[in-house]
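See structure below.
There are 2 protein chains.
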Amino acid sequence: MEKQSTRVDTAIQELVANLGERLSTVPSVCAQHGQDESFHKPHSPDAVAFVSSTEEVIEVVKICANHSVPIIPFGTGTSLEGHVAALSGGICVDLTGMNELLSINAADLDATVQAGVTRRQLNENLRHEGLFFPIDPGADASIGGMAATRASGTNAVRYGTMRENVLGLSAVMPDGRVIKTARRARKSSAGYDLTRLLVGSEGTLGIITEVTLRLYGVPESVTCAVCSFPTLQAAVDTVILTIQSGIPVARIELLDDAMIDATNRFSKLDNALAPTLFLEFHGTRTGTEEQAEMVQQIAYDHKGGEFRWASHAEDRNRLWRARHDAAYAAKALRPGCQMWPTDVCVPISRLAECISATKDDVDESFLMAPIVGHVGDGNFHLTFLVDPDCPKEIAEANRINERLIDRALLMDGTCTGEHGVGYGKVDFLVAEHGEGVNIMQAIKSAIDPQNIMNPGKVVRV
Amino acid sequence: MEKQSTRVDTAIQELVANLGERLSTVPSVCAQHGQDESFHKPHSPDAVAFVSSTEEVIEVVKICANHSVPIIPFGTGTSLEGHVAALSGGICVDLTGMNELLSINAADLDATVQAGVTRRQLNENLRHEGLFFPIDPGADASIGGMAATRASGTNAVRYGTMRENVLGLSAVMPDGRVIKTARRARKSSAGYDLTRLLVGSEGTLGIITEVTLRLYGVPESVTCAVCSFPTLQAAVDTVILTIQSGIPVARIELLDDAMIDATNRFSKLDNALAPTLFLEFHGTRTGTEEQAEMVQQIAYDHKGGEFRWASHAEDRNRLWRARHDAAYAAKALRPGCQMWPTDVCVPISRLAECISATKDDVDESFLMAPIVGHVGDGNFHLTFLVDPDCPKEIAEANRINERLIDRALLMDGTCTGEHGVGYGKVDFLVAEHGEGVNIMQAIKSAIDPQNIMNPGKVVRV
Chain Y
0 MEKQSTRVDT
10 AIQELVANLG
20 ERLSTVPSVC
30 AQHGQDESFH
40 KPHSPDAVAF
50 VSSTEEVIEV
60 VKICANHSVP
70 IIPFGTGTSL
80 EGHVAALSGG
90 ICVDLTGMNE
100 LLSINAADLD
110 ATVQAGVTRR
120 QLNENLRHEG
130 LFFPIDPGAD
140 ASIGGMAATR
150 ASGTNAVRYG
160 TMRENVLGLS
170 AVMPDGRVIK
180 TARRARKSSA
190 GYDLTRLLVG
200 SEGTLGIITE
210 VTLRLYGVPE
220 SVTCAVCSFP
230 TLQAAVDTVI
240 LTIQSGIPVA
250 RIELLDDAMI
260 DATNRFSKLD
270 NALAPTLFLE
280 FHGTRTGTEE
290 QAEMVQQIAY
300 DHKGGEFRWA
310 SHAEDRNRLW
320 RARHDAAYAA
330 KALRPGCQMW
340 PTDVCVPISR
350 LAECISATKD
360 DVDESFLMAP
370 IVGHVGDGNF
380 HLTFLVDPDC
390 PKEIAEANRI
400 NERLIDRALL
410 MDGTCTGEHG
420 VGYGKVDFLV
430 AEHGEGVNIM
440 QAIKSAIDPQ
450 NIMNPGKVVR
460 V
Chain S
0 MEKQSTRVDT
10 AIQELVANLG
20 ERLSTVPSVC
30 AQHGQDESFH
40 KPHSPDAVAF
50 VSSTEEVIEV
60 VKICANHSVP
70 IIPFGTGTSL
80 EGHVAALSGG
90 ICVDLTGMNE
100 LLSINAADLD
110 ATVQAGVTRR
120 QLNENLRHEG
130 LFFPIDPGAD
140 ASIGGMAATR
150 ASGTNAVRYG
160 TMRENVLGLS
170 AVMPDGRVIK
180 TARRARKSSA
190 GYDLTRLLVG
200 SEGTLGIITE
210 VTLRLYGVPE
220 SVTCAVCSFP
230 TLQAAVDTVI
240 LTIQSGIPVA
250 RIELLDDAMI
260 DATNRFSKLD
270 NALAPTLFLE
280 FHGTRTGTEE
290 QAEMVQQIAY
300 DHKGGEFRWA
310 SHAEDRNRLW
320 RARHDAAYAA
330 KALRPGCQMW
340 PTDVCVPISR
350 LAECISATKD
360 DVDESFLMAP
370 IVGHVGDGNF
380 HLTFLVDPDC
390 PKEIAEANRI
400 NERLIDRALL
410 MDGTCTGEHG
420 VGYGKVDFLV
430 AEHGEGVNIM
440 QAIKSAIDPQ
450 NIMNPGKVVR
460 V
């Protein structure tokens with residue numbers, strides 16, 4: 000076979016013939032597309048194809064397949080484990096131009112969108128229908144990217160993750176064929192679940208071009224509350240009992256004292272410097288009142304402080320400000336640092352123990368690493384604030400990260416609750432799944448025999 | 000390669016050496032294991048292996064793999080599309096002996112069970128914990144079989160199907176390797192979703208040996224209601240508006256007038272001969288009252304009759320009697336007949352139209368075929384009552400079934416909402432998925448290159 004550089008050059012010539020100026024080899028454009036929001040080392044693709052239709056995606060894939068050139072799909076570049084890094088070069092397929100809402104079926108509570116539609120764009124278009132799409136990973140990510148990484152976020156505890164909320168999708172497979180994994184029925188027993196196979200496949204099996212999503216009616220009543228606790232254990236025990244009691248909280252988020260300190264400084268707030276829960280309730284007026292009362296009683300039993308409440312949208316935003324600003328606030332704790340976020344998820348009965356042990360690791364370390372968690376799911380994040388040029392700091396972050404993941408796995412948890420594998424957690428995936436990784440590799444090789452779809456991510460081939 | 004009969008004989012000799020009397024070649028035992036509750040033609044396996052541990056399953060699979068002998072997993076034999084028929088002979092693996100509850104984690108609301116545990120057995124063991132497992136396909140099926148067929152049933156509208164309620168599973172793969180698809184975290188972005196790939200794979204990719212399930216707290220309040228309607232359209236429109244309003248009904252079932260007639264005769268009831276909804280509400284006392292009020296108002300607006308209510312367990316059972324007895328009642332409409340149940344699922348906005356057109360087909364036919372539906376999901380069943388020896392009747396049932404499935408697909412629905420593909424719907428799967436079936440075949444061939452796992456089901460290789 001020809002050298003890769005020759006093959007890439009040929010592919011680029013053919014792509015230019017198809018896409019004209021929408022095929023870019025400008026170094027800054029390529030660099031921007033080889034980098035996500037993680038700490039992982041970026042790798043520029045050889046070119047970026049700005050596609051505007053499924054037909055163009057097919058064309059790009061066929062050309063790349065003909066020349067065995069890697070293809071890396073790109074949404075908003077907000078992934079966190081190096082998902083978009085072009086580890087072996089190749090062509091990045093930027094899907095942001097495919098941003099049409101194809102259909103909103105209010106009666107069926109579903110919508111079909113192109114992959115480049117972002118979640119805010121979708122929700123702005125749903126508002127006048129009294130509907131919303133709940134999944135909220137923080138960033139204004141693209142729906143295609145959220146599906147590809149099995150994203151979740153703050154209200155997964157109530158509404159599930161992309162796993163539960165993608166009804167079906169269309170994808171261009173590595174040989175240019177298009178599949179539609181499901182129609183719009185709410186449930187189906189018709190064959191292998193290709194929807195769920197592609198959700199979370201991180202661009203390694205095909206390029207997701209269209210997604211059909213479940214929608215929800217905007218609740219009659221939304222109320223928020225914030226409550227601080229004397230200890231991390233007390234806060235987490237409140238969460239555990241809330242979940243075990245089956246109270247359908249819409250969000251239940253934890254910030255540790257370090258993160259509260261960061262947000263107080265950054266957003267000029269005066270929250271008590273203590274582990275704090277941020278809660279949101281969705282339902283009828285009666286329903287949210289009842290839920291709130293039940294949680295308040297549980298918090299009271301765990302020595303939680305006063306509940307601060309808000310129900311109007313502006314007040315809710317003010318109350319939740321600390322949570323919303325957490326990422327920026329963390330970064331501001333150490334000007335010039337780079338953030339390295341990691342995430343695990345454990346059974347909720349082990350959550351207090353897992354967070355406490357992790358907090359001990361951080362307290363004993365010279366590194367800063369505030370904690371924030373979607374604790375209702377047993378999911379939390381540790382964000383290392385590192386100087387990327389200091390090997391000692393990187394080694395220390397690696398050490399604590401490895402201890403965190405080992406701990407989560409020993410507690411019957413997962414090495415990533417929502418960030419995905421990318422190339423940052425390929426080895427941890429092996430630790431978690433063992434023989435299962437061989438089955439993943441067999442699937443990858445069967446569907447992408449040339450290993451051109453986002454190579455080096457999820458599983459090594 | 001040797002003839003299959005020789006290879007099977009060799010495999011049986013080796014299996015007897017391992018299992019002794021738990022390897023049976025008794026014709027009646029084999030016949031019973033080649034037949035499910037469907038109308039599809041049974042096919043006896045050459046032998047039945049009554050396994051009692053994962054180690055024995057591994058042993059059986061290795062022996063069969065060595066000799067390229069088909070393997071058909073068997074739970075309770077209650078599937079409905081010929082799933083257990085040994086189309087190419089081979090060894091049936093009866094998992095009913097693997098019926099241990101391995102762990103119940105009340106604090107995490109999950110349980111791990113061996114595949115042969117039935118759902119009633121599980122629920123009996125959960126009762127004293129105040130927990131339950133909601134998925135209820137009607138039959139007292141095994142959890143392994145329910146996972147393998149992606150079962151759902153009456154309360155999927157509230158709690159989801161096996162797709163949403165299996166946290167992870169262990170399976171023996173076609174080469175005898177064991178994989179565990181996930182640990183017990185509520186969510187994970189760690190690699191391809193092997194859990195969802197095996198859920199619904201109908202024994203064609205591996206033998207499920209253990210399943211970890213989500214559990215739920217027994218609701219504080221459970222109330223039931225029954226209401227009849229002047230027309231099918233009015234009943235279904237009530238369902239549609241209930242779902243669109245986001246009212247979290249636990250069950251919402253429809254029986255058409257023919258099915259009500261059948262149940263009145265069979266169970267000596269006096270329900271009005273009209274399309275009737277059976278409802279169940281789960282929640283706090285306040286919550287169920289509020290839900291019931293909202294649905295009652297919607298039903299009233301659609302000219303529904305009086306709501307009959309029950310909240311004590313015995314009264315609820317009495318009120319729901321017609322629904323519980325529906326299958327037996329249908330069969331009794333025509334003594335000596337065989338039932339041929341089929342199922343589709345459509346977006347809820349198309350449900351009234353789909354059921355009405357189907358009902359017209361039945362009314363115009365000489366065949367009897369009552370309708371019962373898990374209508375909250377857009378899912379319903381048609382049960383043909385046929386004389387299996389009358390080609391004219393079979394042809395007529397086939398004709399109406401094909402029209403039903405074409406109609407469901409045209410309405411963006413699926414050829415099976417919950418019964419699965421087995422060998423009865425292999426061709427309809429192609430109609431539904433097109434190119435997607437090629438991807439399913441690629442996965443099947445990659446994981447089971449010898450095509451020994453339940454061959455002839457789901458996809459043809």
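Taken in order, these protein sequences are the chains called Y and S.
Take the first sequence: its letter number 245 is residue 244 in numbering that gives the first Met the number 0, and every next letter is one higher.
Take the second sequence: its letter number 292 is residue 291 in numbering that gives the first Met the number 0, and every next letter is one higher.
Even for Gly, the Cβ is constructed at its ideal location relative to N, Cα and C.
Excluding five sequence positions before and after residue 172 of chain Y, the CB atoms of its chain that fall closer than 7 Å to its own CB belong to 178, 205, 446, given in chain order. If you check the CB distance, residue 429 of chain S and residue 444 of chain S do not come in under 8 Å. DSSP places residue 316 of chain S in the helix class (H, G or I) of the three-state scheme. The stretch 370–388 of chain Y and the stretch 99–117 of chain Y do not touch, with fewer than 3 CB-CB distances between them shorter than 8 Å. According to DSSP, residue pairing for residue 179 of chain S in a beta bridge involves S:169. Ranked by how close their Cα comes to the Cα of residue 182 of chain Y, the residues Y:159, Y:211, Y:455, Y:274 have Y:211 in first place. The beta carbon of residue 166 of chain S sits closer than 7 Å to those of 109, 181, 183, 211, 212, 213, all from its chain and outside the five residues before and after it, given in chain order. If you ignore the 5 residues before and after residue 53 of chain Y, its C-beta comes within less than 6 Å of the C-beta of 208, all in its own chain and listed in chain order. Close to residue 367 of chain S, with beta-carbon spacing below 7 Å, lies no residue of chain Y; the smallest spacing is near 25 Å.
Against chain Y, the beta carbon of residue 37 of chain S has no neighbour under 9 Å; the closest one sits roughly 14 Å away. Identification of chain S residues near residue 431 of chain Y by a Cβ-Cβ cut-off of 9 Å yields 181, 182, 187, 189, 190, ordered along the chain. At least one beta carbon of chain S lies nearer than 8 Å to the beta carbon of residue 196 of chain Y. Counted as a single uninterrupted DSSP element, the alpha helix (DSSP H) harbouring residue 390 of chain Y occupies residues 390–409.
Relative to residue 17 of chain Y, the option among Y:55, Y:111, Y:8 whose CA is nearest is Y:55. Inclusion of residue 239 of chain Y and residue 347 of chain Y in the CB contact set at 8 Å is warranted, their separation being smaller than that value.
Residues of chain Y whose Cβ lies closer than 8 Å to the Cβ of residue 155 of chain S are, in chain order, 186. Separation of residue 364 of chain Y and residue 302 of chain Y (C-alpha to C-alpha, rounded to the nearest whole angstrom) is 29 Å.
Here residue 316 of chain Y has 323 as same chain residues with Cβ atoms under 8 Å from its own Cβ, once five neighbours each way along the sequence are excluded.
The Cβ of residue 376 of chain S sits closer than 8 Å to at least one Cβ of chain Y.
The C-alpha of residue 144 of chain Y is placed about 9 Å away from the C-alpha of residue 94 of chain Y. Nearest to residue 42 of chain S by C-alpha distance, out of S:69, S:21, S:20, is S:69. The continuous stretches of alpha helix (DSSP H) do not include residue 226 of chain S, which lies in the beta strand (DSSP E) extending over residues 220–227.
Residue pairing for residue 357 of chain S: DSSP places it in no beta bridge. Interface criterion not met: the Cβ of residue 258 of chain Y is under 8 Å from no Cβ in chain S. Going by DSSP, residue 213 of chain S is part of the beta strand (DSSP E) stretching over 206–213. Annotation for residue 201 of chain S: no beta strand (DSSP E) segment contains it, and DSSP assigns it neither H nor E. Around residue 174 of chain S, the same chain offers 64 as residues with beta carbons nearer than 7 Å, after the five sequence neighbours per side are excluded. The beta carbon of residue 285 of chain Y falls within 8 Å of a beta carbon belonging to chain S, placing the residue at that interface.
Contact between residue 458 of chain S and residue 190 of chain Y holds, since their C-beta atoms are separated by about 7 Å, short of 8 Å.
At a cut-off of 8 Å between beta-carbon atoms, residue 405 of chain S makes no contact with chain Y. Taking a contact to require three or more Cβ pairs closer than 8 Å, the stretch 245–253 of chain Y and the stretch 150–158 of chain Y qualify as touching.
For residue 294 of chain S, the uninterrupted alpha helix (DSSP H) run begins and ends at 284–300, by DSSP. Exposed is the label assigned to residue 311 of chain Y, since fewer than 16 other Cβ atoms lie within 10 Å of its Cβ. Straight-line spacing of the CA atoms in residue 434 of chain Y and residue 176 of chain S works out to 8 Å. In terms of CA proximity to residue 243 of chain S, Y:129 leads the group Y:170, Y:118, Y:129.
The beta carbon of residue 412 of chain S sits closer than 8 Å to some beta carbon of chain Y.
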